[in-house]
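As structure tokens, the structure follows; a few thoughts come after it.
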Amino acid sequence: NAGVTQTPKFQVLKTGQSMTLQCAQDMNHEYMSWYRQDPGMGLRLIHYSVGAGITDQGEVPNGYNVSRSTTEDFPLRLLSAAPSQTSVYFCASSIPGVDGYTFGSGTRLTVV
Amino acid sequence: AQSVSQHNHHVILSEAASLELGCNYSYGGTVNLFWYVQYPGQHLQLLLKYFSGDPLVKGIKGFEAEFIKSKFSFNLRKPSVQWSDTAEYFCGGGYNKLIFGAGTRLAVHP
Chain A
19 NAGVTQTPKF QVLKTGQSMT LQCAQDMNHE YMSWYRQDPG MGLRLIHYSV
69 GAGITDQGEV PNGYNVSRST TEDFPLRLLS AAPSQTSVYF CASSIPGVDG
119 YTFGSGTRLT VV
Chain B
38 AQSVSQHNHH VILSEAASLE LGCNYSYGGT VNLFWYVQYP GQHLQLLLKY
88 FSGDPLVKGI KGFEAEFIKS KFSFNLRKPS VQWSDTAEYF CGGGYNKLIF
138 GAGTRLAVHP
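Line order of the protein sequences matches chains A and B. If you number the first sequence the way our numbering does, the last residue is 130 and the count never jumps. If you number the second sequence the way our numbering does, the last residue is 147 and the count never jumps.
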């Protein structure tokens, strides 16, 4: 049981480049979420999904896209990276009302 | 709108002191509340959770939290902290989506 797996662990992008942060879980969790963590601001919810084919915006969705074609995977896409998107990104999954969210180990993204 | 707020941003304690970190939530519907801990350079780990039932919840590492519905609060407590409790603590709430407070940095000095 690998839990929540995020790739890559580190990434440097140039302004305007696009990329996809990968997130996969093997616990058959319905709910998955993406967060960004910035100093002094805690974790802010970017997008979340309550099941395959269903996604919704969180607190800070601008500049990010998601899709959920399978229960296991929930990729986060940056279409045109900006320096303001420099952050640590965490993916999490859960079965609501049963247990807490399980977090991945994070992706540290730097946009130059 | 759903929100979670943490009162203390930085807390400094000596070993063996008691700890209480404040958390207030604001949203309707099903109450799911959590406390997570993040040690330096690591991801978030679940300390404890509240879904329903006994409002006093015991978690790992000697932490506990009390859900007070009338005050919309879910404060974290530990009777005697250790140096190894130095970390950042996050309160979170929600059902469909989990929203976090800004976090509290705890430093415990020997």
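We put the beta carbon where it would ideally sit given N, CA and C, even for glycine.
Beta strand (DSSP E) segment containing residue i, residue limits
i	result
B:Phe-127	124–130
B:Pro-104	Contrary to the premise, residue 104 of chain B reads as Phe rather than Pro in this sequence. Where B:Phe-104 is concerned, the enclosing beta strand (DSSP E) stretches over 101–105.
A:Thr-88	Looking at the DSSP string, A:Thr-88 is not in any beta strand (DSSP E), and its letter there is neither H nor E.
B:Phe-111	110–115
A:Gln-113	Note on identity: in this sequence residue 113 of chain A is Ile, with Gln being the wrong assignment. Where A:Ile-113 is concerned, there is no enclosing beta strand (DSSP E), given that its DSSP letter is neither H nor E.
B:Ser-51	47–51
A:Asp-74	72–75
B:Tyr-62	60–63
A:Val-22	22–25
A:Met-37	37–43
A:Lys-129	Sequence inspection shows Val at residue 129 of chain A; the Lys mentioned does not correspond to that position. A:Val-129 -> beta strand (DSSP E) spans 125–129.
B:Leu-143	141–146
Those residues which DSSP pairs with residue i across a bridge
i	result
A:Gly-60	A:Asp-56
B:His-44	Per DSSP, none; premise fails for B:His-44.
A:Ser-102	Partner(s): none; A:Ser-102 has no beta bridge.
A:Tyr-82	A:Leu-96
A:Gln-29	A:Leu-127
A:Tyr-119	According to DSSP, A:Tyr-119 bridges with nothing at all.
A:Gly-69	A:Ile-72
B:Phe-56	Inspection of the sequence shows that residue 56 of chain B is occupied by Leu rather than by Phe. B:Leu-56 pairs with B:Lys-115.
B:Ser-121	DSSP, once it has assigned bridges, lists no residue as partnering B:Ser-121.
Chain A residues whose Cβ lies nearer than 7 Å to that of residue i
i	result
B:His-80	Phe-108, Phe-121, Gly-122, Ser-123 and Gly-124
B:Leu-83	Gly-118
Interface partners of residue i on chain B, CB under 9 Å
i	result
A:Gly-76	Lys-134 and Ile-136
A:Gly-115	Thr-67, Asn-69, Phe-88, Ser-89 and Tyr-132
Min CB distance residue i to chain C below 8 Å
i	result
A:Gly-118	In the structure shown, chain C does not exist; the protein chains are A and B.
Could you run through the region 93–126 of chain B and flag, in chain order, every residue whose CB is less than 8 Å away from some CB of chain A?
-> none
Completely contained beta strand (DSSP E) runs for the region 67–96 of chain B, where each covers 3 or more residues | 70–75, 82–87 and 93–95
Just by C-beta distance, which residues in the region 131–143 of chain B are closer than 7 Å to chain A?
-> Against chain A - using a Cβ distance shorter than 7 Å - the residues of the region 131–143 of chain B are Tyr-132, Asn-133, Lys-134, Leu-135, Ile-136, Phe-137, Gly-138, Ala-139 and Gly-140.
May I ask you to list, following chain order, the residues of the region 38–67 of chain A that have a beta carbon less than 8 Å from some beta carbon of chain B?
-> Tyr-49, Ser-51, Tyr-53, Gly-58, Met-59, Gly-60, Leu-61, Arg-62, Leu-63 and Tyr-66
Between the region 52–73 of chain B and chain A, which residues of the former have CB atoms less than 8 Å from a CB of the latter, in chain order?
-> Thr-67, Asn-69, Phe-71 and Tyr-73
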